[in-house]
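The structure appears right after this line, and notes come after that.
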Amino acid sequence: MLDKPVSRPNDLSAYWMPFTANRQFKRAPRMITGADGMHYVTDDGRQVLDGIAGLWCVNAGHNRPKIVEAIQTQAATLDYAPSFQMAHPRAFELATRLADLSPDGLDHVFFTNSGSESVETALKMALAYHRAKGDGGRFRLIGRERGYHGVNFGGISVGGIVANRKMFGTLLTGVDHMRHTHDLSRNAFARGEPEHGIELADDLLRIAQLHDPSTIAAVIVEPVAGSAGVLLPPKGYLKRLREICDEHGILLIFDEVITGYGRLGTNFGADYFGVKPDLMTTAKGLTNGTVPMGAVFAANHIHDAFMSGPDHMIEFFHGYTYSAHPLACAAALGTLDTYAEEGLLSRGAEMADYWADAIHSLKGLPHVIDTRNLGLIGAVELEPIAGAPTKRAFSAFLDAYHNHDLLIRTTGDIIAFSPPLIIEKEHVDQIVDRMTKVLTALD
136 MLDKPVSRPN DLSAYWMPFT ANRQFKRAPR MITGADGMHY VTDDGRQVLD GIAGLWCVNA
196 GHNRPKIVEA IQTQAATLDY APSFQMAHPR AFELATRLAD LSPDGLDHVF FTNSGSESVE
256 TALKMALAYH RAKGDGGRFR LIGRERGYHG VNFGGISVGG IVANRKMFGT LLTGVDHMRH
316 THDLSRNAFA RGEPEHGIEL ADDLLRIAQL HDPSTIAAVI VEPVAGSAGV LLPPKGYLKR
376 LREICDEHGI LLIFDEVITG YGRLGTNFGA DYFGVKPDLM TTAKGLTNGT VPMGAVFAAN
436 HIHDAFMSGP DHMIEFFHGY TYSAHPLACA AALGTLDTYA EEGLLSRGAE MADYWADAIH
496 SLKGLPHVID TRNLGLIGAV ELEPIAGAPT KRAFSAFLDA YHNHDLLIRT TGDIIAFSPP
556 LIIEKEHVDQ IVDRMTKVLT ALD
């Protein structure tokens, strides 16, 4: 059930909010006090339709009984267990369940606490793997323009979003970036994977020729670049990246923090595109957003390269105080049970056509220069206001929330949608109806 409204705190000054226009927010706060199913409840009692699954993470919807019960029971049984040289049974149970879901051969799972930590872990695994194999000359990491890989130093180094990088100095050395895949001149209003752009994968060859491929440890990409505004890979692009990596002994890392756990109608983006990475980072939907947790899936050859030397020695000097936290493991197991019982990992495929029709019905509305979709992800790209980039989409965000009881996500002048996988057609219709009113009213 949705909670009753909760009074707003009087002093908002102490909390420095992340990725937020703090001054604007504190002049007109948007406070959420409860959630259930497809909706949030605000401090003034409104029910707001969740069009973005929280922050791309509440895949099973809010306040799900199995997940809530699992967390409550675990907190009363084992609240914490150290993960260095010790463990608890649920960590092994969860790792096994996850390995069963993953693409064949990615049978080992390393737990973190977020997508950012998962990326840092995967990058370190890639570098350490080559060193363990006696190939320590491979030290370069290749990302992609407009890529998002979290906010830690490794992640923003391989990431390609300017605003996330420009304030923080030189970042990691030995990093380069491929071109992004967003091409409105050829692929505007594409339904599903764009037709044009497979040749962009060959930009990895240009970088390899510049630096010598024998110096490159790994390439990291999102199967779908979510946080940059739902930038879709052209048909065949990811397979071509895999081919180039195989030709030159380069590891391929998929950042599946958004695309994992049913977002595209498959277990993972790797399954949707039929491309198997060497390492795969996940978080968000792993626990349905209830308890922070991430997981890195490692191919067997990666894991096995570390399993040498005296067996009393630590093989990989990395980990976190809260790795495989008991509450997080319980939340994840409850989430996997919910996904399985309700068929949610494939629901995106069942709803894909209806969702695509809905997203593309917004074509032709004022300032809309593109609509795009894949699985249960969608985006509407707006023409920016001259001299005021991001303002038009942010205005749409505020109008949707305050006047139409709809939560959306914006990045630049792109509006992103990624609803809980429990969404019904009536909710899709509500999103389209409300967004039509928002977009029609835009200046």
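Note that our numbering has the sequence shown beginning at 136, numbered continuously upward. Cβ coordinates follow ideal geometry from the N, Cα and C atoms, glycine included.
Helix, strand or coil at residue i [DSSP, three-state]
i    : result
Y175 : strand
D311 : strand
A405 : helix
F160 : helix
H197 : strand
E516 : strand
E566 : The sequence given here has Ile at residue 566, not Glu. Helix.
M260 : helix
Q182 : strand
F452 : coil
I393 : coil
H460 : coil
M442 : coil
V503 : strand
I549 : strand
T168 : strand
Backbone CA spacing between residue i and residue j [nearest angstrom]
i    : j    : result
I549 : G169 : 27 angstroms
L319 : A325 : 9 angstroms
H346 : R507 : 35 angstroms
H312 : L414 : 19 angstroms
A405 : F219 : 31 angstroms
L471 : Q209 : 16 angstroms
G290 : G189 : 22 angstroms
S249 : D390 : 12 angstroms
S530 : D242 : 45 angstroms
A523 : A234 : 46 angstroms
A195 : L276 : 34 angstroms
I206 : L480 : 21 angstroms
A263 : C464 : 27 angstroms
S237 : A521 : 45 angstroms
A149 : G327 : 44 angstroms
E516 : G478 : 31 angstroms
I342 : D564 : 45 angstroms
Q182 : T571 : 19 angstroms
Among the options, nearest to residue i - alpha-carbon criterion
i    : options                   : result
A211 : A263, L511, L462 and C380 : L462
K427 : F552, T308 and F246       : Per the sequence shown, residue 427 should be read as Pro rather than Lys. Among F552, T308 and F246, the Cα nearest to that of P427 is on F246.
P144 : G309, I512, I167 and K411 : I167
A298 : G309, G285, V310 and T308 : G285
F452 : H174, P224, T256 and D242 : T256
L366 : M221, R273, I342 and D505 : D505
D178 : H537, H562 and L577       : H537
V254 : H383, E518, V176 and G294 : G294
T456 : M221, Q159 and H495       : M221
G309 : L387, D578 and A352       : A352
Buried or exposed (CB count within 10 angstroms, at least 16 for buried), residue i
i    : result
D446 : exposed
W490 : buried
M448 : exposed
R199 : buried
T575 : exposed
Close Cβ partners of residue i (< 8 angstroms) along its chain, the five nearest in sequence each way excluded
i    : result
R314 : R279, E280, L335 and D338
E330 : R321, N322, P369 and K370
E228 : C464 and L468
T525 : P519, T545, G547 and D548
Same chain only: Cβ atoms within 6 angstroms of residue i, ignoring 5 sequence neighbours per side
i    : result
K419 : W191, C192 and V392
F552 : G186 and G513
K161 : L147
S458 : S218 and F246
E252 : G429
R544 : I187 and A551
N435 : G240 and D242
Close beta carbons around residue i, own chain, < 7 angstroms, minus the five adjacent residues each side
i    : result
K560 : Y489
G483 : G397, R398, L399, G400, G510, L511 and L556
F441 : A267, E450 and F451
G272 : S349 and T350
R165 : Y536
F274 : L262, G309, T350 and A352
Interface flag, residue i vs chain D, CB-CB below 8 angstroms
i    : result
I388 : Checking the listed chains, one finds no chain D in this structure; it contains a single protein chain.
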